[in-house]
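Written out below as structure tokens is the structure these notes cover.
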Amino acid sequence: MSELHARLRTVRGRFALDVSFVCPARGLTGVFGPSGAGKTTILRCIAGLERIDDGYVRCGDDVWQDAHSSLFVPAHRRGTGYVFQEADLFSHLSVRGNLEFAAKRAPERRVAWDDVVEWLGLTRLLRRDTQRLSGGERQRVAVARALLSSPRLLLMDEPLSSLDEVNRAEILPYLQSLPSHLAVPILYVSHSLAEVGRLADHLIWLVDGRVRAAGPPAAVIGQLDFAEWRREDASVVVDARVEEHDDEGHLTRLDGPWGAVWVRRQQRSPGERVRVLIRASDVSISLAPEPETTIMNQFRVRIVETRDVAPGEVMVSMVRCEPAPFDGGTAVDAGPALLARITWRSRERLRLESGREVFARVKSVALLE
13 MSELHARLRT VRGRFALDVS FVCPARGLTG VFGPSGAGKT TILRCIAGLE
63 RIDDGYVRCG DDVWQDAHSS LFVPAHRRGT GYVFQEADLF SHLSVRGNLE
113 FAAKRAPERR VAWDDVVEWL GLTRLLRRDT QRLSGGERQR VAVARALLSS
163 PRLLLMDEPL SSLDEVNRAE ILPYLQSLPS HLAVPILYVS HSLAEVGRLA
213 DHLIWLVDGR VRAAGPPAAV IGQLDFAEWR REDASVVVDA RVEEHDDEGH
263 LTRLDGPWGA VWVRRQQRSP GERVRVLIRA SDVSISLAPE PETTIMNQFR
313 VRIVETRDVA PGEVMVSMVR CEPAPFDGGT AVDAGPALLA RITWRSRERL
363 RLESGREVFA RVKSVALLE
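In the numbering used here, the protein residues as written are 13 to 381.
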């Protein structure tokens, strides 16, 4: 397995890209940012479709480009698989024909045909004409074709952007399972927070051709800088585990980073890992627990920071407040941040400031599925 190391500096008209990052050897690295941030340019430079003015691209021990030594390995020798926004399949070939074309051109076999077909659910589609596929099916074939080229690195450029909601829902589970099957890094570009929040093991936040932050999704998305940038869409994305089901109340209890989280009944088995999204606008703050309320999810937390993000609007970052140890030590902060978007007046009235222990009340929790 090989990490991808990149230092990319290049100018395209009025746009300047200046980034440095490491893509872990295994798992899916999401590159997230608005349109025009440079996401696709990064992928094209790594694939060898564009040259950089300065910097380098290295996959494991192999240097693909080094501007200082004028080294440039052409795209066809880099061994990358590229999935574009539109599934560019050969219309004169069946699904099987498209896959065989890629498999025959692979310099070596890193993944087996049967495995790829099974992972992406393509068995019943192999004889199908590509013109008779749905959008989601076409993209699954495009991903399979990229995998059968036996890449050392899989590049995916907004592969769901051209799909409607139904087709996105169809293909997402297949993409979510890929990192568990592949021993190669995946670099996945998107401008959808829900998408990268669900899929990514590592996240690169890109704005105006610069990396603003990189790391685990919960750490990047939970930053106040990120929340201030997102403003009304500010959220946190965290991992949780299914604990039990309340069939009478049609509820499922999750074990989350701030304690028990109740959501509507899920068709998941106890012990299964899930990823949840909580919007800052769905979180309120009280100074004491409120048992007489319809809001079921309340957490004892400690305020880390408050920030004015707009006139009259404040973002509050909070972490779980662990009980003090039995030896009389002080309580400690633990886990990822929880965000609340409140009014300036509420902050002043409740005297919410860094270090204060409060109770966060979560009105809505969404599972990224």
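Think of the CB as a built atom: it goes at the ideal place given N, C-alpha and C, for glycine as much as any other residue.
Which of helix, strand or coil DSSP assigns to residue i
i, result
"A225", "strand"
"D345", "With a pLDDT of 47 at D345, under the threshold of 50, the predicted position of this residue should be treated as unreliable, though the coordinate-derived value follows. The answer is strand: DSSP assigns D345 an E or B state."
"F338", "Confidence in F338 is poor, its pLDDT being 43 and thus under 50, which makes the residue's placement too unreliable to answer from."
"V123", "coil"
"T264", "strand"
"F27", "strand"
"W217", "strand"
"F102", "coil"
"H88", "helix"
Bridge partners - residue i, DSSP secondary structure assignment
i, result
"T74", "Residue 74 is actually Asp in this sequence, not Thr. C71."
"E369", "R314"
"R19", "S32 and Y68"
"G209", "Paired residue(s): none; G209 is not in a bridge."
"A252", "V286"
"Y94", "L167"
"E325", "A322 and T355"
Proximity of residue i and residue j at Cβ, strictly below 8 angstroms
i, j, result
"P282", "V254", "yes"
"E240", "V331", "no"
"L134", "A156", "yes"
"G72", "S14", "yes"
"A272", "V316", "no"
"P163", "G93", "yes"
"A292", "A352", "yes"
"V123", "L165", "no"
"T12", "V201", "Examination of residue 12 is not possible in this model, given that the chain is present from 13 through 381 alone."
Alpha-carbon to alpha-carbon, residue j and residue i
i, j, result
"V326", "A28", "33 angstroms"
"A343", "C333", "Residue placement at A343 is flagged as unreliable, the pLDDT there being 43, under the threshold of 50; the coordinate-derived value follows with that caveat. Roughly 7 angstroms separates the two Cα atoms."
"W356", "F311", "22 angstroms"
"P229", "R242", "15 angstroms"
"D237", "A212", "20 angstroms"
"P3", "G234", "The displayed coordinates of the chain run from 13 to 381. Any statement about residue 3 would go beyond what the structure contains."
"H104", "L145", "14 angstroms"
"L380", "L83", "42 angstroms"
"C57", "L184", "26 angstroms"
"D169", "L199", "8 angstroms"
Closer than 8 angstroms to chain C by CB, residue i
i, result
"V370", "The structure shown contains no chain C, having only a single protein chain."
contact_flag[the segment 208–220, the segment 42–54] where n(CB pairs < 8 angstroms) is 3 or more
With a cut-off of 8 angstroms, the segment 42–54 and the segment 208–220 count as touching, because enough Cβ pairs lie within range.
Determine, using beta-carbon pairs with one atom in the segment 90–97 and one in the segment 128–146, whether at least three such pairs fall under 8 angstroms.
no
The segment 106–118 in contact with the segment 173–180 per 3-pair CB rule at 8 angstroms:
no
Below 8 angstroms, how does it come out for the segment 179–193 and the segment 143–153: are there three or more Cβ pairs, yes or no?
yes
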